[in-house]
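Using my numbering, the letters of the sequence shown correspond one by one to residues 583 to 789. Backbone N, C-alpha and C fix where the C-beta goes; we use that ideal spot for every residue, glycine too. Here the structure is a predicted model, which is why all the values come from computation and not from measurement. Report on the structure given below.
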Amino acid sequence: MTPQQQRTFFEDRGYLIVPDLLDNDEIAASRAEIKRLHQLATDLHTREDPLCGYFQREPFAKKHNHGDLSILRKIENTRNFSDFFARLSAHPNLVSTIQNLLGNDLLLFRSTLMLKPALHGSAHALHQDSAYWPIEPPALATASLVDACTRVGTFSKLVPTTRMEVPPPASPLTTPHRKMAASRSFPVATTGACSNGAISHKPRTHH
């Protein structure tokens with residue numbers, strides 16, 4: 583897609599998938615850094631360091647560790663523990679993509695590593711990010727960098743064109759879509775095959 587086509591798709595559908603933002607060397611470096619962060623999490627838990635609270639263990643794992651390392655679901659405030667991921671959040675390809683969608687003046691609002699493997703572990707119910715961060719106007723985009731994503735082991739499912747749905751205060755899901763999620767009958771767009779790319783969506787897009 584051209585930049586204009588990307589903007590139009592993002593505004594119309596509420597999400598955008600951009601493959602190949604990172605090269606293979608950057609993906610390999612990311613995986614190595616994630617392994618280092620797993621070791622850091624294990625060390626922090628062993629020392630009972632309060633910083634271990636930023637490293638969430640996978641609640642559905644049958645045991646806390648795999649070998650010598652913790653089994654993690656996510657790491658919050660990643661940039662505080664990793665210079666590598668702090669730099670990655672300012673990657674020129676990522677920044678230019680988001681600037682095309684939102685404008686040149688950007689602020690990093692949250693930095694998180696989601697580590698749950700596809701088809702395993704805890705799930706997150708259908709929700710809207712705007713319920714957690716009620717920013718008005720909702721000039722916010724969630725950008726997720728993924729190393730490998732298939733239609734079977736998909737990173738996420740999104741409900742297109744739901745970006746205009748406004749949730750009630752403090753509710754992650756509007757009532758009609760709560761019923762829709764319960765019925766499991768709703769149109770979804772899986773992220774599908776996306777290699778070394780980014781998946782971005784609006785804060786009100788159900789996913």
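Give me the Cα-Cα distance between residue i and residue j, rounded to the nearest whole angstrom.
i	j	result
I599	F642	29 Å
A723	C634	28 Å
K656	D602	23 Å
T624	D607	26 Å
F768	L708	Confidence in F768 is poor, its pLDDT being 45 and thus under 50, which makes the residue's placement too unreliable to answer from.
P719	L683	15 Å
G685	Q588	13 Å
W715	L690	13 Å
A721	N675	20 Å
S782	Y597	6 Å
L622	Q681	33 Å
Need the endpoints of the alpha helix (DSSP H) that residue i sits in, please.
i	result
I616	606-629
Q681	674-684
F592	585-595
A668	665-670
Would you kindly report the start and end of the unbroken beta strand (DSSP E) that includes residue i?
i	result
R655	654-658
F637	637-639
A713	Counting along the chain, A713 falls outside any beta strand (DSSP E), and DSSP gives it neither H nor E.
Skipping 5 residues on each side, what residues in its chain have a beta carbon closer than 6 Å to that of residue i?
i	result
A668	R661
G779	V600, P601, D602, L603
Residues in the same chain with beta-carbon distance under 7 Å from residue i, minus the five sequence neighbours each way, listed in chain order, please.
i	result
E615	S664, F666, F667
N659	Y636, S693
D711	T724, P785
Pick out whichever of the options has its Cα sitting closest to the Cα of residue i.
i	options	result
E640	D594, P716, M696, E593	M696
L688	Y714, A725, P585	A725
P742	D631, H789, A610, L626	H789
Pull up the CB-CB distance for residue i and residue j, whole angstroms please, since I reckon it's below 8 Å.
i	j	result
L670	H620	Not a contact, Cβ separation roughly 17 Å.
L604	L727	7 Å
Leaving aside the five residues before and after residue i along the sequence, list all residues of the same chain whose C-beta is less than 8 Å from its C-beta, in chain order.
i	result
T584	none
I717	P785
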